[in-house]
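Student:
Protein chains: 2
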Amino acid sequence: MASSTLMLYATASGPSTDFLSRLNLADRRQLMAMGERVPRGANEVLFAQGAPAARCFSVIEGVVCLSRGIGDSRRQIVGFALPGAALEIAAQQRHEISAVTIGPALVWEIARESFAQFVSHRPYMLHAVIASVASDLTDSYEQMFSLGRRPADEKLARFLGEWRDRLSRLGKDVDPLPLPMSRRDIADYLGLTVETVCRTLAKLERRGAIEILPGRVRLLGKLDDLLGNCG
Amino acid sequence: MASSTLMLYATASGPSTDFLSRLNLADRRQLMAMGERVPRGANEVLFAQGAPAARCFSVIEGVVCLSRGIGDSRRQIVGFALPGAALEIAAQQRHEISAVTIGPALVWEIARESFAQFVSHRPYMLHAVIASVASDLTDSYEQMFSLGRRPADEKLARFLGEWRDRLSRLGKDVDPLPLPMSRRDIADYLGLTVETVCRTLAKLERRGAIEILPGRVRLLGKLDDLLGNCG
DNA sequence: CGATTCTTTGAACTATGTCAAAACTGGTGG
DNA sequence: CCACCAGTTTTGACATAGTTCAAAGAATCG
Chain A
11 MASSTLMLYA
21 TASGPSTDFL
31 SRLNLADRRQ
41 LMAMGERVPR
51 GANEVLFAQG
61 APAARCFSVI
71 EGVVCLSRGI
81 GDSRRQIVGF
91 ALPGAALEIA
101 AQQRHEISAV
111 TIGPALVWEI
121 ARESFAQFVS
131 HRPYMLHAVI
141 ASVASDLTDS
151 YEQMFSLGRR
161 PADEKLARFL
171 GEWRDRLSRL
181 GKDVDPLPLP
191 MSRRDIADYL
201 GLTVETVCRT
211 LAKLERRGAI
221 EILPGRVRLL
231 GKLDDLLGNC
241 G
Chain B
11 MASSTLMLYA
21 TASGPSTDFL
31 SRLNLADRRQ
41 LMAMGERVPR
51 GANEVLFAQG
61 APAARCFSVI
71 EGVVCLSRGI
81 GDSRRQIVGF
91 ALPGAALEIA
101 AQQRHEISAV
111 TIGPALVWEI
121 ARESFAQFVS
131 HRPYMLHAVI
141 ASVASDLTDS
151 YEQMFSLGRR
161 PADEKLARFL
171 GEWRDRLSRL
181 GKDVDPLPLP
191 MSRRDIADYL
201 GLTVETVCRT
211 LAKLERRGAI
221 EILPGRVRLL
231 GKLDDLLGNC
241 G
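Residue numbers (the numbering used here), protein chains in the order written: chain A, 11 to 241; chain B, 11 to 241.
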């Protein structure tokens, strides 16, 4: 086993997975109490790209879409945050991305200064922050590979497989697999157009790899063949 | 000024920019002495994707190419590391990417345990690690946007502009701008093919945005027009 | 130099994008 | 409960940016 705390990083699995669960119970309670739980509706903006990074966030329930855009035309989704995710805990002065809820959500929020101060006195929490950001970075490597080097069908297969794994790790029912995000969101995540996403999903269905249901997808055995080729 | 150390992150500018310079002089000397300076030739592998992450690195001289691949066919370059960059200081158990020198280089290396131990006792160094990884993550956001949402000419223009800025921040002469990496490397960085890179560079030259020289490019005023549209 | 590797250009192809319209979905209010 | 509406998803026909395959120049290095 690793001898140093710096080596205890978890394997990657979506934006800042499970940050709060890395803390000990007492600290977690105390930290939670310093922030507030805010119920959010669908499509609410938690923070906007370019705005001063005044607060940190954690998703408690729901899904939050993290994206980077220019103008209001082009948008690249850099991740979907699920419960347990910590957002902007290592942000620079300004937010480099935007965060918007997909459907209703429960979000915990805290002022940056409070968070930073709390963390500063607890080296083990600094390690947790490092683990969290490092995990995000690892995810981003795979996402860059996907964006730059995978054809549409592999992008989709990969996306569906990872989404299933993440939800199932949270104990959710994944058969059929819920897809709370719109086709446009999927397109913006994979660097495709809505139309290509639809057509490629239809193609996967014809191949017998998936079954498309409203708001859901059933993943079938054939999908593994495709995922096998994905490295 | 920010009241907390957690807020003192630098703006992004390439892989783990300038990690060592964030340390105080005494610590830097001590840390440097704990590792070793290794001269490297061209195309030497510092570490390989999938291998156990046994050491941390810092580029002292030269350029190191960071990439992720499957098989030996498809490859996505996730960054070019320049002098001052720290590599794998927050890595998980295994390397998620490979690092290969582009041309001769001087690299500082240290065993993970030594590094982790040294850092563990110095909270301010933990902050430096966080700043470093956070900066990498910010870069990766922009890179994801580029890969997913920019056409070839914007990708190239953006790449050239950033490369110039990074070199010039290091005090290098950027007129004409040296391009030590091959066309294939540029292609693998931007998610294009070698041929598209060549053709797009030729197009930019015809438009009067650049002038192509062997191993170098001269950036002309017209390039700023293109960069202006890049957000 | 001569060989090898890298870069550039050409011609043909294709995956994906664009534009447009139809089909579906979920919500609202009568 | 149904009919309608607004938004989303799907499908079709066509356009094109970027890829692929091939071969001709350039640069680099023993």
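Glycine included, C-beta positions come from ideal geometry on N, C-alpha and C.
For the candidate residues A:W173, A:P224, A:G94, A:A141, whose alpha-carbon lies nearest to that of E71 (chain A)?
Tutor: When only C-alpha atoms are compared, the closest one is A:G94.
Student: Suppose the cutoff is 8 Å on Cβ atoms and the five residues either side in sequence are ignored; what does the same chain contact list for L237 (chain A) look like?
Tutor: If we look at L237 (chain A) and ignore the five residues flanking it on each side, its Cβ neighbours are A167, R168, G171.
Student: From L211 (chain B) to Q153 (chain B), what distance separates their C-alpha atoms?
Tutor: Using only the alpha carbons, I get a separation of about 19 Å.
Student: Taking C-beta pairs closer than 8 Å, name the residues in chain A that D146 (chain B) reaches, listed in chain order.
Tutor: Neighbours of D146 (chain B) on chain A, chain order: L147.
Student: Apart from the five residues just before and just after C240 (chain B), which ones in its own chain have a Cβ nearer than 6 Å to its Cβ?
Tutor: Around C240 (chain B): E164, R168.
Student: Name the two residues that bound the continuous beta strand (DSSP E) containing G72 (chain A).
Tutor: Taken as a continuous stretch (DSSP letters only), the beta strand (DSSP E) holding G72 (chain A) covers 65 to 80.
Student: Using beta carbons (cut-off 8 Å, strictly below), is I107 (chain B) in contact with chain A?
Tutor: By this cut-off, I107 (chain B) is an interface position.
Student: What does a CB cutoff of less than 8 Å around A138 (chain A) pick up in its chain, not counting 5 residues either side in sequence?
Tutor: F29, R32, L33, listed in sequence order.
Student: Using a Cβ-Cβ cut-off of less than 7 Å, give me the residues of the stretch 186 to 206 of chain B that come near chain A, in sequence order.
Tutor: Under the 7 Å Cβ criterion, the stretch 186 to 206 of chain B contributes G201.
Student: M44 (chain A) versus chain B: which residues are under 9 Å apart at the beta carbon?
Tutor: Neighbours of M44 (chain A) on chain B: none; closest Cβ ~14 Å, over 9 Å.
Student: In chain order, which alpha helix (DSSP H) runs of at least 4 residues are fully inside the stretch 161 to 194 of chain A?
Tutor: DSSP runs (the alpha helix (DSSP H)) wholly in the stretch 161 to 194 of chain A: 162 to 179.
Student: Applying the criterion that 16 or more other CB atoms from any shown protein chain within 10 Å of the CB defines a buried residue, is E221 (chain B) buried or exposed?
Tutor: Looking at its Cβ environment, which holds fewer than 16 other Cβ atoms inside 10 Å, E221 (chain B) is exposed.
Student: Are the C-beta atoms of L166 (chain A) and some chain B residue less than 8 Å apart?
Tutor: It does not: the Cβ of L166 (chain A) has no partner Cβ on chain B nearer than 8 Å.
Student: Determine, using beta carbons only, whether V73 (chain A) and A115 (chain A) come nearer to each other than 8 Å.
Tutor: Result yes, Cβ atoms of V73 (chain A) and A115 (chain A) sit closer than 8 Å.
Student: Helix, strand or coil: which one does DSSP assign to F29 (chain B)?
Tutor: In the structure shown, F29 (chain B) sits in coil (DSSP, three-state: anything other than H, G, I, E or B).
Student: Got a sec: is the Cβ-Cβ distance from F90 (chain B) to anything in chain A below 8 Å?
Tutor: No, F90 (chain B) does not count as interfacial toward chain A.
Student: Going along chain B, which residues have a C-beta under 8 Å from I140 (chain A)?
Tutor: In chain order: A100, L136, V139, I140, V143.
Student: Is E98 (chain A) buried or exposed, if buried means 16 or more other CB atoms sit within 10 Å of its CB?
Tutor: Buried is the call here.
Student: Kindly indicate which three-state DSSP category Q40 (chain B) falls into: helix, strand or coil?
Tutor: Three-state result, Q40 (chain B): helix.
Student: Using the Cα positions of I140 (chain B) and Q102 (chain B), report the straight-line distance between them to the nearest angstrom.
Tutor: In a straight line, the C-alpha of I140 (chain B) is about 14 Å away from that of Q102 (chain B).
Student: Thinking C-beta only, is V227 (chain B) closer than 8 Å to L189 (chain B)?
Tutor: Result yes, Cβ atoms of L189 (chain B) and V227 (chain B) sit closer than 8 Å.
Student: Using only the alpha-carbon positions, how far apart do A96 (chain A) and L230 (chain B) sit?
Tutor: So the alpha carbons of these two residues sit roughly 43 Å apart.
Student: Please report how far the alpha carbon of A197 (chain A) lies from the alpha carbon of R160 (chain A), in whole angstroms.
Tutor: Near 14 Å, if we compare the C-alpha coordinates of R160 (chain A) and A197 (chain A).
Student: Excluding the 5 residues flanking G158 (chain A) on each side, which residues of the same chain have their C-beta closer than 8 Å to its C-beta?
Tutor: For G158 (chain A), where only same-chain residues beyond five positions count, there are no Cβ hits under 8 Å.
Student: Pick out whichever of A:P186, A:R194, A:L202 has its Cα sitting closest to the Cα of P224 (chain A).
Tutor: P224 (chain A) has its Cα closest to that of A:P186, out of A:P186, A:R194, A:L202.
Student: Count the other CB atoms within 10 Å of the CB of H105 (chain B); is the residue buried (16 or more) or exposed (fewer)?
Tutor: Buried: at least 16 other Cβ atoms inside 10 Å.
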